[in-house]
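Please read the structure below before turning to the comments.
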Amino acid sequence: ENIFYGTDPGRSIRQTLRVMTYNTHGCRGMDGKLSLERIARVIARHDPDIIALQELDAGRIRSGKIDQAKRIAELLNMQHHFHAVQMIEDEMYGNAILSRYPLKIISSGTLPRLHKNLLFEARGVLWVEIECLGTRLQFLNTHVSLWGLEQVRQAAALCGPELLGNSSCKENVILCGDFNASPVSKTCAMIQNSLQDVQLKLDSHKPVNTWFGHFPLSRIDHIFTGGKIQVLKVEVTSTRLEKLASDHLPLIAELKI
Numbered sequence: 020e021n022i023f024y025g026t027d028p029g030r031s032i033r034q035t036l037r038v039m040t041y042n043t044h045g046c047r048g049m050d051g052k053l054s055l056e057r058i059a060r061v062i063a064r065h066d067p068d069i070i071a072l073q074e075l076d077a078g079r080i081r082s083g084k085i086d087q088a089k090r091i092a093e094l095l096n097m098q099h100h101f102h103a104v105q106m107i108e109d110e111m112y113g114n115a116i117l118s119r120y121p122l123k124i125i126s127s128g129t130l131p132r133l134h135k136n137l138l139f140e141a142r143g144v145l146w147v148e149i150e151c152l153g154t155r156l157q158f159l160n161t162h163v164s165l166w167g168l169e170q171v172r173q174a175a176a177l178c179g180p181e182l183l184g185n186s187s188c189k190e191n192v193i194l195c196g197d198f199n200a201s202p203v204s205k206t207c208a209m210i211q212n213s214l215q216d217v218q219l220k221l222d223s224h225k226p227v228n229t230w231f232g233h234f235p236l237s238r239i240d241h242i243f244t245g246g247k248i249q250v251l252k253v254e255v256t257s258t259r260l261e262k263l264a265s266d267h268l269p270l271i272a273e274l275k276i
């Protein structure tokens, strides 16, 4: 059943784009409860058009072998692409992009690793092209390493010729994700050489922390934009539902292309 609620009655004529990035913590909340429906409700209350989700399971025993990205997309009546960054037999873990608009996958791949062990888990990036509001939008979702040196190498790869440095990303581009890095980090500085942080781009907005759920201590989830994208509004909401659903809070930006 489609549980999407709070739909904007003017969606068909809306000329703005609502984008969300959200680390779902495997859909396991701060109360230890596994609930895809709760994650879907958090998303639905913000009525986004495109969503970048991190930390999703597919076929894993720990989460009931459910394809979480597919199920959340079904609940919200959205299209989706899932990118597995870890795969052991039929068990997968990774990130996804959901969209109300037509989307096609451009590329998906891993980011550089310092060591192939459990401390340095595999990281990746998913790039799709979305047709919306009369234009084509390049949309990338990533989840970057916890470790400083590895993180910088991954940021360099994101900024390299195969991704943000690609000619296709010179126009309207959005990069979302959990960067495990604060705005003053080298990682974010590298990305901001070509893109802008939505929480810094809007003069009327005071940047808000996104991690962790109950007591947000840092701002590590980001939306970066490039091209002729205008930021109209930025939100990081922390209702009881959002504090409970994941260890991250969702970041939402309303944009005009």
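Residue numbers for the sequence shown, in this note's numbering: 20 to 276. Don't be surprised by glycine CBs; every beta carbon is placed ideally from N, CA and C.
Buried or exposed (CB count within 10 angstroms, at least 16 for buried), H162: Here residue 162 is taken as the residue at index 143 of the sequence shown, counted from 1. The residue is buried, with at least 16 neighbouring Cβ atoms inside 10 Å.
Residues bridged to N199 [DSSP beta-bridge criterion]: Here residue 199 refers to the residue found at position 180 of the sequence shown. According to DSSP, which records beta bridges pairwise, N199 is partnered with nothing at all.
For V147 and I193, believed in contact at Cβ under 8 Å, the rounded distance: Translated into positions along the sequence shown, residue 193 becomes position 174. Translated into positions along the sequence shown, residue 147 becomes position 128. Actually they do not touch by this definition, with Cβ atoms about 10 Å apart.
Where the alpha helix (DSSP H) through A141 begins and ends: For the purposes of this step, residue 141 is taken as the residue at position 122 of the sequence shown. For A141, there is no enclosing alpha helix (DSSP H), as DSSP gives it neither H nor E.
Alpha-carbon spacing of I149 relative to L122, whole angstroms: Numbered from its first residue, the sequence shown carries residue 149 at position 130. Numbered from its first residue, the sequence shown carries residue 122 at position 103. Roughly 4 Å between the two C-alpha positions.
Identity of the residues DSSP links to C46 by a beta bridge: Here the question's residue 46 lines up with position 27 in the sequence shown. C46 pairs with nothing; no bridge assigned.
Own chain residues within Cβ distance below 6 Å of N160, not counting five before or after: On the sequence shown, residue 160 is found 141 positions in, with the first residue counted as 1. So the qualifying residues of the chain are A71, N114, I116, L145, C195, G196.
Given 8 Å, three or more beta-carbon pairs between the segment 212 to 231 and the segment 100 to 109: no
Boundaries of the alpha helix (DSSP H) in which E93 is found, first to last residue: Start at 1 with the first residue of the sequence shown, and residue 93 comes out as number 74. Note, E93: alpha helix (DSSP H), 87 to 95.
Beta-carbon proximity list for T256, same chain, < 6 Å, skipping 5 on both sides: Within the sequence shown, the letter at position 237 stands for residue 256. Closer than 6 Å at Cβ, skipping near neighbours: no residue.
Whole-Å CB distance - H267 paired with Y112, under 8 Å assumed: Residue 267 sits at position 248 when you count from the first residue of the sequence shown. Residue 112 sits at position 93 when you count from the first residue of the sequence shown. About 16 Å separates the beta carbons of H267 and Y112, which is beyond the 8 Å limit, so they are not a contact pair.
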